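In full-length UniProt numbering, the protein residues as written are 1 to 224.
Notes for the one structure printed next.
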């Protein structure tokens with residue numbers, strides 16, 4: 001069985017990373033493989049490799065702004081290739097795919113239809129000002145390994161669009177996704193977000209790994 005793809009979407013600061021960490025921990029507790037990939041690391045490498053600073057602009061906290069929006073599409077195409085390569089060498093688990101975009105209708109069109117159709121979607125939403133506040137909190141936290149800093153300018157000019165309606169009502173039918181898309185407004189406590197992730201994870205484990213667990217039980221009985 002190949003890796004189960006789980007897209008975790010939302011603005012920077014919406015709570016995607018928190019949701020991903022909890023989802024991966026839950027998978028590991030069940031002894032499933034657990035992997036994570038995001039486009040920020042791809043874009044970061046692209047920004048550092050660029051020589052003439054036409055596509056990226058350095059910002060505070062070792063961050064960057066994207067000046068040429070076409071690099072967003074390039075990063076997603078690269079992302080799909082990396083996930084396919086990882087899936088060829090791993091199985092019986094999940095891989096979370098994280099990226100933030102202003103327009104998810106356009107962004108998801110960068111992926112192949114076969115790549116999307118059997119994926120799960122977890123969309124985390126929060127208002128723009130809350131997301132900006134969280135971004136500053138995480139770069140100031142000594143516990144944060146990767147700040148993922150995004151400037152106020154980019155947040156207000158690029159990430160201002162509200163994707164809630166599209167993701168909750170159109171995304172699955174447009175891309176013929178036949179599994180599950182979960183939307184969650186992350187405006188309460190962290191515990192509320194984690195509880196939602198747990199329900200989402202339980203659905204995935206039950207639907208994707210139930211047959212695998214049954215097969216393992218039969219093997220154990222056969223050797224008893």
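Even glycine gets a Cβ: it sits at the ideal position worked out from N, Cα and C.
Just so we're clear, the structure is a prediction, and the values are computed from it rather than from any experiment.
- With respect to the 7 Å criterion, residue 183 and residue 168 are classified as neighbours on the basis of their beta carbons.
- Contact between the stretch 89-102 and the stretch 33-44 is present, with at least three C-beta pairs closer than 8 Å.
- Excluding its 5 nearest sequence neighbours in each direction, residue 43 has C-beta neighbours in its own chain below 6 Å: 75, listed in chain order.
- Within the stretch 44-95, the complete beta strand (DSSP E) runs of at least 3 residues fall at 56-58 and 64-66.
- Straight across, the Cα-Cα distance linking residue 57 with residue 189 is about 34 Å.
- DSSP, reduced to helix, strand and coil, places residue 124 within a strand of the structure shown.
- Note that the C-beta distance between residue 15 and residue 124 is below 7 Å.
- When DSSP reads this structure, residue 185 sits in a beta bridge with 125.
- Boundaries of the beta strand (DSSP E) around residue 35: 33-38.
- Beyond the five residues adjoining it in sequence on each side, residue 93 comes within less than 8 Å, by CB distance, of 3, 4, 27, 32, 33, 34 and 35 in the same chain, given in chain order.
- Below 8 Å, too few C-beta pairs join the stretch 196-204 and the stretch 130-140 to call them touching: fewer than three.
- The beta-carbon distance between residue 160 and residue 116, rounded to whole angstroms, is 25 Å. This is too long to meet the 8 Å contact definition.
- Selection 110, 81 and 86 evaluated against residue 70 yields 110 as nearest (Cα-Cα).
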